[in-house]
Amino acid sequence: MSDDLFQNTGSRTTDTYDASSIEVLEGLEPVRRRPGMYIGGTDERALHHLASEVLDNAMDEAVAGHATRIEVTLSAGNRLTIVDNGRGIPVDPHPKFPGKSALEVIFTTLHSGGKFSGKAYETSGGLHGVGISVVNALSIDTEVEIALNRELYRQRFSQGHALGPLEKVGAAPNRRGTTVSFTPDSEIFHELKFKPARLHRLARSKAYLFAGVEIRWKCDPEVITDDTPAEAVFQFPGGLSDHLREQLGTRECATAEFFRGTQDFPDGAGRVEWAVAWPLWSDGSTSWYCNTIPTPDGGTHEAGLRAALTKGIRAFGDLVGQKKAKDIQTDDIMSGCELMLSVFIREPQFQSQTKDRLTSPEAARLVEAAMRDHFDHFLADNMDRGKALLGHVLERMDERLRRKQEKEIKRKTATSGRKLRLPGKLTDCSADDPDGTELFIVEGDSAGGSAKQARDRKTQAILPIRGKILNVASATSAKILANQEIADLILAIGCGTRKDCNPDNLRYERIVIMTDADVDGAHIATLLMTFFFQEMPDLVRRGHLYLAQPPLYRLVSGGKSVYAANDEMREALLASEFKGKKVEVSRFKGLGEMNPQQLRETTMDPAKRAMIRITLPQEYEERAGVKDLVDRLMGTNPAHRFAFIQENAAQVDEEVIDA
């Protein structure tokens, strides 16, 4: 009997899991397998991120003082060429890779480049050493020319592999710099093409960000489908000031002159440039940059600017005897302004490889200190100008307070005659006004205990839930209503469900799902998102739902402690910030393992945390397609889930959805 058992077990070769099952991806193959990890996906935004990576390298040469001219050319066949007159990528043999030039190493090896140590560049946009190699990996044809020491060198690549060795083409006595020409791989990006208008805007914005560079734009007229010019030259001596003046046009502002300036940071740590105006009759916009990289989600440099403006306007109000000024909040001075902020700092930290948010802690302090004196002078140097801006901000404050009063009246009316009943396990915030308040939905009492100690008692409420909530996509209405966890959730949020859902009655401005950074936590977050999608869709549509991003690792070396959100960020930190150092790496098994201070500074503090806003796709307006997908993945029939996995397994991509 035992012989039969062993014989049968041995014959099941398809279930064998041994060393041969472990796949090792070499070179740039990980990039082609999982492009979403490096450029955020394979959509139009990701395609144009390739252009940004190459242009950012040219801009780094300009900012470092080695290049004065950059050319961006889009040709037929979706081919993009970017030229700079900088130093040129080194072509001498690399000491660690015998037989390969430094150029070939840079283009074919992840985490290679001249920006890790800070010796070649004081400030730069590329930090992880993956940008140009990722572009090469995702291109079907890449050609690089280097004009260096009066000689011209050339090498070609395809899909990350060199097609031959570096060649010396001949003499180039009147030329210097780097030329990168590439065609994105249609296997990765399918039918997507570069958009001339988008590349034109990108080139123009880079010229504003560094006044010392001239950027030349050229485009084959055959690929232009709108009013984008075929040729243009961008050079703006006034930097951001020129950009803001153009953007304002003829709009009337609270002050005749806008607040602009530039300031070096102490000890050569970088510099900041800004331009801010307050239009009277139109909505504003904000643009944030770090080392010429757009950071659309803002970050710590934004926090520094907000602090400088808020403290400055309050101090000026106190100077002129305006008692109401002490109640000014940051949104009062930021609301409706046209603002551009650009910082240059050493070794900046970003939320992800796509660099949408700056997380360097020192940026907030440096920016606030640099801008505060300038703003105080802007207000007090011309008292009429200062009083005009103060009056404008106070009007915004009065408008905010009126809205708050209207909401309080609605809230009192909804609960008049009875005491508002709330779940017993809800730890509510003290603020009565929903504006600025947050409800954190956390998993378990342990995480709930840490969150309660870490929270801001005035604005942050905590609601612990027990494990995995009911899957509402596969439950009857009666079962949903009878579930205590869901009943508590509905009661705490206060806006009703389904046809009775009214986001105006929402008790908090933000609902934040905060679960462990593991598979179980992701499952719980999925169940909660399914609940909100089905039961409170308008709440999601209006942007009230968020997903917290707790770190997975803590890296400590000496007195320095840094958190990493995932394996990729951990490895990047070990290869850059902690390279060559003895590092203690600890992995958080759950939120409950963090002490309250750690949980606050990494996940709950608005000034330091990173959160993902959960939104509904455009297709939701038709509803059927999205509803069908949710039913297939979360519904009662497991065969539908299995079929979906079979259909899409080959296309699995690790990327953040609807950030």
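Each number in my numbering comes from the position in the sequence shown (counting from 1) with 1 added on. Beta carbons are placed, not taken as given, at the ideal position from N, Cα and C, and that holds for glycine.
Discussion item. Below 8 Å on the Cβ atoms is my contact criterion, and I expect L48 with F195 to pass it. Report the Cβ-Cβ distance as a whole number of Å.
Written reply: Numbered from its first residue, the sequence shown carries residue 48 at position 47. Numbered from its first residue, the sequence shown carries residue 195 at position 194. Contact flag correct, Cβ pair sits at about 7 Å.
With 16 other Cβ atoms within 10 Å as the buried cut-off, status of P174:
By 1-based counting over the sequence shown, the position of residue 174 is 173. Exposed.
Which residue or residues does DSSP assign as beta-bridge partners of F351?
Locating residue 351 in the sequence shown gives position 350, counting from the first residue. Among the bridge pairs identified by DSSP, F351 is matched with L359.
The alpha helix (DSSP H) with A59 in it runs from where to where? If you number the sequence shown from 1, residue 59 lands on position 58. Run containing A59: 45-64, per the alpha helix (DSSP H) assignment.
### Query
Looking at the structure shown, is F317 part of a helix, part of a strand, or coil, going by DSSP?
Start at 1 with the first residue of the sequence shown, and residue 317 comes out as number 316. Three-state result, F317: helix.
Requested in this report: Whole angstroms is fine: what's the gap from P197's alpha carbon to A309's?
Outcome: Here residue 197 refers to the residue found at position 196 of the sequence shown. Here residue 309 refers to the residue found at position 308 of the sequence shown. Near 38 Å, if we compare the C-alpha coordinates of A309 and P197.
**Prompt:** When the Cα atoms are used, what is the spatial distance from D505 to L540?
**Reply:** By one-based count along the sequence shown, residue 505 stands at place 504. By one-based count along the sequence shown, residue 540 stands at place 539. Each residue's alpha carbon lies about 9 Å from the other.
Leaving out five residues on either side along the sequence, give the residues of the same chain with a beta carbon under 6 Å from the beta carbon of R261.
-> For the purposes of this step, residue 261 is identified with residue 260 of the sequence shown, where counting begins at 1. S242, A276.
Check your understanding: When burial is assigned at 16 or more other CB atoms within 10 Å of the CB, is K207 buried or exposed?
Key -> Numbered from its first residue, the sequence shown carries residue 207 at position 206. Burial call: buried.
Problem - Continuous beta strand (DSSP E) stretch holding Q156: start and end - result: By 1-based counting over the sequence shown, the position of residue 156 is 155. Counting along the chain, Q156 sits inside the beta strand (DSSP E) bounded by residues 152-159.
**Run of the beta strand (DSSP E) containing S587, from where it starts to where it stops** = Here residue 587 corresponds to residue number 586 of the sequence shown, with the count starting at 1. It spans 585-588 - the beta strand (DSSP E) in which S587 sits, taken as one unbroken run.
- So what does R217 bridge to, in DSSP terms? Residue 217 sits at position 216 when you count from the first residue of the sequence shown. Paired residue(s): E72, V234.
Are the beta-carbon atoms belonging to L51 and T109 less than 8 Å from one another?
Counting from one through the sequence shown, the residue named residue 51 turns up at place 50. Counting from one through the sequence shown, the residue named residue 109 turns up at place 108. Taking 8 Å as the Cβ cut-off, L51 and T109 do not qualify as a contacting pair.
Consult DSSP for A257 and reduce its assignment to one of helix, strand or coil.
Taking the sequence shown and counting its residues from 1, the one referred to as residue 257 is at position 256. In the structure shown, A257 sits in coil (DSSP, three-state: anything other than H, G, I, E or B).
Hey, is the region 556-574 in contact with the region 422-440, meaning 3+ C-beta pairs nearer than 8 Å? No: the two stretches stay apart, fewer than three of their Cβ pairs being nearer than 8 Å.
(Q) Our contact map puts I147 next to V92 with C-beta atoms below 8 Å; I'd like the distance itself, whole angstroms only. (A) Along the sequence shown, one-based indexing puts residue 147 at 146. Along the sequence shown, one-based indexing puts residue 92 at 91. With 8 Å as the limit, I147 and V92 qualify as a contact, their Cβ atoms being about 6 Å apart.
request  = Give me the Cα-Cα distance between Q454 and R347, rounded to the nearest whole angstrom.
outcome  = Within the sequence shown, residue 454 is the residue found at index 453, counting from 1. Within the sequence shown, residue 347 is the residue found at index 346, counting from 1. Straight through space, the alpha carbons of R347 and Q454 are spaced by roughly 34 Å.
Rounded straight-line distance, which links the Cα of D332 to that of L281: As a working note, residue 281 is residue 280 in the sequence shown. As a working note, residue 332 is residue 331 in the sequence shown. Cα atoms of L281 and D332: separation of roughly 16 Å, rounded to the nearest angstrom.
Sorted by chain position, which residues of the same chain lie with C-beta nearer than 6 Å to R80's C-beta, five sequence neighbours on each side aside?
-> To locate residue 80, count along the sequence shown from 1; it is residue 79. In chain order, T184 place their CB closer than 6 Å to the CB of R80, counting only its own chain and leaving out the 5 sequence neighbours on each side.
Which of helix, strand or coil does DSSP assign to P538? Here the question's residue 538 lines up with position 537 in the sequence shown. Helix, per DSSP.
Apart from the five residues on each side of it in sequence, which residues of its chain come closer than 8 Å, Cβ to Cβ, to A270?
The residue labelled residue 270 in the question sits at position 269 within the sequence shown. Only I346, R347, E363, L367 meet the Cβ criterion.
Query - H129 to F351 span [Cα, whole Å] - result: Against the sequence shown, residue 129 aligns to sequence position 128. Against the sequence shown, residue 351 aligns to sequence position 350. Summary for H129: the model assigns pLDDT 34, below 50, so the residue's position carries little reliability, and this model does not support an answer.
Out of V84, D606, Y564, P222, which has the shortest C-alpha to C-alpha gap to R588?
Your numbering for residue 588 matches position 587 in the sequence shown. For the residues V84, D606, Y564, P222, the minimum Cα distance to R588 belongs to Y564.
Q.
For the alpha helix (DSSP H) containing P31, name the first residue and the last one.
A. Position 30 of the sequence shown holds residue 31. It spans 30-34 - the alpha helix (DSSP H) in which P31 sits, taken as one unbroken run.
If you follow the beta strand (DSSP E) that K561 is part of, which residue opens it and which one closes it? Taking the first residue of the sequence shown as position 1, residue 561 is located at position 560. Unbroken beta strand (DSSP E) run through K561: 561-565.
* Asked: What residue does the beta strand (DSSP E) around A172 start on, and which one ends it?
  -> Within the sequence shown, the letter at position 171 stands for residue 172. Run containing A172: 168-172, per the beta strand (DSSP E) assignment.
Bridge-paired residues (DSSP) for D85: Residue numbering aside, residue 85 sits at position 84 when the sequence shown is read from its first letter. Looking at the DSSP output, D85 bridges to I71, T179.
**Message:** Can you tell me whether K459 is helix, strand or coil according to DSSP?
**Reply:** Position 458 of the sequence shown holds residue 459. In the displayed model, K459 falls within coil according to three-state DSSP, outside both helix and strand.
| field | Every unbroken alpha helix (DSSP H) within the region 456-536, with a cutoff of 4 residues, ordered by chain | value | Complete alpha helix (DSSP H) runs here, min 4: 478-483, 485-494, 520-536.
Margin query: In this structure, how does DSSP classify L367 when only helix, strand and coil are distinguished?
Written below: Against the sequence shown, residue 367 aligns to sequence position 366. In the displayed model, L367 falls within a helix according to three-state DSSP.
Q. What first and last residue would you give for the beta strand (DSSP E) that runs through V443?
A. Here residue 443 corresponds to residue number 442 of the sequence shown, with the count starting at 1. Its beta strand (DSSP E) spans residues 439-444.
| task | With distances taken Cα to Cα, identify the nearest neighbour of I494 among P36, Q485, E510. | result | For the purposes of this step, residue 494 is taken as residue 493 along the sequence shown, with counting starting at 1. When only C-alpha atoms are compared, the closest one is E510.
Using only the alpha-carbon positions, how far apart do F379 and E369 sit?
Numbered from 1 along the sequence shown, position 378 holds the residue referred to as residue 379. Numbered from 1 along the sequence shown, position 368 holds the residue referred to as residue 369. Whole-angstrom Cα-Cα distance: 15 Å.
**Message:** I believe L359 touches T296 by the beta-carbon criterion, under 8 Å. Please report the beta-carbon distance rounded to the nearest angstrom.
**Reply:** In the sequence shown, the residue the question calls residue 359 occupies position 358. In the sequence shown, the residue the question calls residue 296 occupies position 295. About 5 Å; that satisfies the 8 Å criterion.
Practice task
Verify whether the separation of the beta carbon atoms of R373 and G322 is less than 8 Å.
Solution key: What you label residue 373 is simply residue 372 of the sequence shown in a count that begins at 1. What you label residue 322 is simply residue 321 of the sequence shown in a count that begins at 1. For R373 and G322, no; Cβs fall outside 8 Å.
Check whether V224 and A63 have beta carbons under 8 Å apart: Position 223 of the sequence shown, counted from the first residue, corresponds to residue 224. Position 62 of the sequence shown, counted from the first residue, corresponds to residue 63. In this structure, the beta-carbon distance from V224 to A63 does not fall below 8 Å.
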